[in-house]
Amino acid sequence: MIERLARLLLAEDWGGTLNPPQRAALRYLARANRFSRAPSQLADYLGATRGTVSQTLAVLVRKGLVAEQRSSIDRRRVGLELTAQGRAALGGAQ
Numbered sequence: 001m002i003e004r005l006a007r008l009l010l011a012e013d014w015g016g017t018l019n020p021p022q023r024a025a026l027r028y029l030a031r032a033n034r035f036s037r038a039p040s041q042l043a044d045y046l047g048a049t050r051g052t053v054s055q056t057l058a059v060l061v062r063k064g065l066v067a068e069q070r071s072s073i074d075r076r077r078v079g080l081e082l083t084a085q086g087r088a089a090l091g092g093a094q
């Protein structure tokens, strides 16, 4: 019964143009504070490799759902922000 409920919940994440990892990344970014909205923190939260998260973020940026902001002090640091489209894609499913 629990396994069936888990599958039903996961199936809901496949709606629209986003896959479950993309939707999970958007949910994380919607809730995280400005210090935690970085690719490495997202990778830690999702339990994924940094390479996998990097590819997920690249897709979200191309779709216009996430914006990257480079630090003016250290150009290697990237901050992530949801765009208005990203918030709309999440809708009420936060």
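As numbered in the working numbering, residues 1 to 94 make up the sequence shown, in order.
Backbone N, C-alpha and C define an ideal beta-carbon position, used for all residues, glycine too.
- Taking the CA atoms as reference points, Ser72 sits about 32 Å from Pro20.
- DSSP, read as helix, strand or coil, puts Arg76 in coil.
- Between the C-alpha atoms of Gln22 and Ile2 there is a straight-line separation of about 24 Å.
- Within the same chain, no Cβ atom closer than 6 Å to the Cβ of Ala48 is found once the five residues on either side in sequence are excluded.
- In the DSSP assignment, Glu68 is bridged to Leu80.
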